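Taken in sequence, the protein lines are chains C and Y.
Mind the numbering: the first sequence is residues 1037 to 1211 in my numbering, read in order.
Mind the numbering: the second sequence is residues 96 to 341 in my numbering, read in order.
Notes to accompany the following structure.
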Amino acid sequence: MKDQIGGNQKRARFEAMCQSLRPDLLRFAFWLSRDRALAEDVVQETMLRAWKAQDSLQDEAAAKPWFLTIIRREYARCFERKRFVTVDVDELVAREEPMLAAAEGQNLAEMRAALFKLPDEYREPLVMQVLMGFSTAEIARELDLSGAAVLTRLFRARKQLRVLCGEDTSMDPQE
Amino acid sequence: MMDCAQYRRSMLADPRDPDPHLREHRESCHDCTLYSERLLRFESRLERALRVGPVSQAASSFDNVVPLRARSRTALRAPAYRKRMLAMAASVLVALVVAGGLWLSAAGASLAADVVTHMREEPQAWRRTDVPVPYPKLDEVLRDSHLRLAAGGGAGMVSYANSCGFRGHQVPHLVLQTDAGPVTVMVLVHERSPKPVQFDEQGYRGVIVPVPGHGSLAVLTRGPATDIETIEHIAHRVLDSIFWTG
C-alpha cells in the first residue's frame, strides 16, 4: 500500500514536470531538427528514457538541462539510425510553413525562415540561450565547448541572423 | 575602459548580459545606447519567433510517455478492451477539445468585453493631439509593469499614459497617435490569452494578442474607420518596441 502511494506520488511529480517542460522541449527539438514530426518523436522517446532514468535526477531544479541532454542524445541517435538526405532550406520552410507562421505576423515568419538557414552550430546555442534561458556556462557544459567558443558562436549567430533578416547592420562590429 | 566595438560584440553574444562594465559603457555612449535599443527590439522579435506554437497536443497525454511496463497488463493482453478504452479516450479527448475551445473563446470574449468597458470609463484619453505625454509620467506608468518603450516612437507618439485598475491589477493604459488616429494600448501582463482574439463591439474594434511570458496586449480603436489588419499591424509594432525589464 505504502509502495503504491509512493509510486503514485512519484508518477504525479514526474507527470507535472513533463507537462511543464514539454512545450519548451518540443520547441527546442523542433529548432534542433527543423522537422515537426521528428521533434515529436525525439521528445516522446526522451520522455520514455527520462521515466526510466528518473532516479538519476537528484534535483528537480536541474530537470531542464537534464531533459535537454537526453533530447540531444536522442536526436544524435536518430542520425545514427537513419540516413538523412540533405534538404533544401526553402523546401523546409515551405513544409513547416503553418508552424512557422503560427498566428503571428510576417515579421516573425521571416525571422523563423532566417533561423532555418542558420548553420546548426550557431542555431543550437542561440536556441539554448534565448528559448531555454541557459547561461553561457551551461551552454558550454552541454555542448562541450569553452565559454569563449560559445560566445563566438552566439555572436556569429546573431550577426548572420540580422543580415538574413535585412536588419541595418551598419553599426554591427567586425569579428 | 571598454570601447564601442567590444561593447557591441558582447551585446551580440548576449544582449541581456548584466555585466556592469557594459552598463557603464552604454550609459556613457549615445550610439551604443541606440544600438542596444535596436538590438533588444530584434531580440524581442527573436524570442517570439522561437516560441513556435505547440507542435502537437495529441502526444501530450502523460499515458503516452509512461513505459508500457508501468501500465496495466490486462489492457495489453485484451485488444478488444484496449480498443474500447481507446474509443472512450478519443471521445473524452474530443469533448475536452470542444469544451476547451468554447472555454477559450468565451474567456477571450470576456477579456475583450472588460477592455471595452474600461475604455468607456476614460473617454478623455481618445483625443487627437500632437503633444506627447511627459517622459517621467510615461516611465512611471511603465515601470511597475517592468517594461520600457523604444526611443524614437516606432509604435507612434504616446499622448496619454495612465496606470489603471483592471481585473484587480494596475496595468498601463496608453494612447498612441498613429496614422490611423488615436489607438489605445493596454498591457495586460496578468491576463494570458492562449491565442489572438479579434473583437468589434460597442463601437470599439481591436485585437488581444498573446505575449509569451508577459500576458497579453490589447490594442483597439474607436469607430469603424480602421480595419482589423491595420490594428493587428499596430499591435505588432507596439510589441516590437517593448523592452521587458523584468
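Virtual Cβ for every residue (Gly too), placed ideally from N, Cα, C.
Computed from a predicted model, the values in this text were never measured in an experiment.
How would you label residue i, buried or exposed, when you count the other beta carbons within 10 angstroms and need 16 or more for buried?
i: arginine 111 (chain Y); result: exposed
i: threonine 321 (chain Y); result: buried
i: proline 267 (chain Y); result: buried
i: valine 278 (chain Y); result: buried
i: glutamate 138 (chain Y); result: buried
i: arginine 104 (chain Y); result: buried
i: serine 1056 (chain C); result: exposed
i: aspartate 109 (chain Y); result: buried
i: glutamate 1160 (chain C); result: buried
i: glutamate 286 (chain Y); result: buried
i: tyrosine 230 (chain Y); result: exposed
i: glutamine 1165 (chain C); result: buried
i: alanine 1086 (chain C); result: buried
i: arginine 1148 (chain C); result: buried
i: lysine 1088 (chain C); result: exposed
i: valine 284 (chain Y); result: buried
i: methionine 1207 (chain C); result: exposed
i: serine 254 (chain Y); result: buried
Taking DSSP's pairing of strands, which residues face residue i in a bridge?
i: methionine 252 (chain Y); result: Y:Gln272
i: alanine 313 (chain Y); result: Y:Met281, Y:Ile303
i: glutamine 101 (chain Y); result: Its beta-bridge partners do not exist; DSSP assigns none.
i: proline 267 (chain Y); result: Y:Ser258
i: isoleucine 337 (chain Y); result: Y:Leu244
Quick one: residues in its chain with C-beta nearer than 6 Å to the C-beta of residue i, no 5 flanking neighbours on either side, listed in chain order?
i: arginine 257 (chain Y); result: One detail in the question is off: residue 257 (chain Y) reads as asparagine in this sequence, not arginine. The answer, listed in chain order, is His268.
i: proline 305 (chain Y); result: Ser288, Ser311
i: arginine 262 (chain Y); result: none
i: glycine 251 (chain Y); result: Leu271, Gln272, Thr273
i: serine 155 (chain Y); result: Reliability fails at serine 155 (chain Y), whose pLDDT of 43 lies under 50, so the model's placement of it is uncertain and the value that follows must be treated cautiously. Cβ neighbours of serine 155 (chain Y) beyond the five flanking positions: none.
Using C-beta distances below 8 Å, list every residue in its chain close to residue i, excluding the 5 sequence neighbours before and after it, in chain order.
i: valine 1079 (chain C); result: Arg1058, Leu1061, Leu1062, Ala1065, Ile1107
i: glutamate 296 (chain Y); result: Ala207, Ala208, Val211
i: alanine 173 (chain Y); result: With a pLDDT of 40 at alanine 173 (chain Y), under the threshold of 50, the modelled position of that residue is not reliable, and no figure is offered here.
i: arginine 232 (chain Y); result: The identity of residue 232 (chain Y) in the sequence shown is lysine, whereas the question assumes arginine. Cβ neighbours of lysine 232 (chain Y) beyond the five flanking positions: Ala256.
i: arginine 223 (chain Y); result: Gln272, Gly276, Pro277
With a threshold of 7 Å on Cβ separation, who are the neighbours of residue i within its own chain once the five nearest residues in sequence on each side are excluded?
i: valine 236 (chain Y); result: Ala256, Asn257, Ser258, Pro267
i: tyrosine 1158 (chain C); result: Arg1189, Arg1192, Ala1193, Gln1196
Residue ranges of each beta strand (DSSP E) within the stretch 281-309 of chain Y, 3 or longer: 292-296, 299-305
Contained alpha helix (DSSP H) runs [length at least 4] in the stretch 1050-1122 of chain C, N- to C-terminal order: 1072-1088, 1099-1117
Positions along the stretch 1143-1162 of chain C whose CB lies within less than 7 Å of some CB in chain Y: Asn1143, Leu1144, Met1147, Arg1148, Leu1151
Sequence ranges, alpha helix (DSSP H) only - wholly within the stretch 109-139 of chain Y, length at least 4: 115-123
3 or more residues per run - each beta strand (DSSP E) lying fully within the stretch 214-245 of chain Y: 242-244
Near-chain C residues of the stretch 96-123 of chain Y (beta-carbon distance less than 7 Å), N- to C-terminal order: Ala100, Arg103, Arg104, Leu107, Ala108, Asp109
Near-chain C residues of the stretch 255-274 of chain Y (beta-carbon distance less than 8 Å), N- to C-terminal order: none
Members of the stretch 207-240 of chain Y near chain C, C-beta cut-off 8 Å: none
Positions along the stretch 130-142 of chain Y whose CB lies within less than 9 Å of some CB in chain C: Tyr130, Arg133, Leu134, Phe137, Glu138, Arg140, Leu141, Glu142
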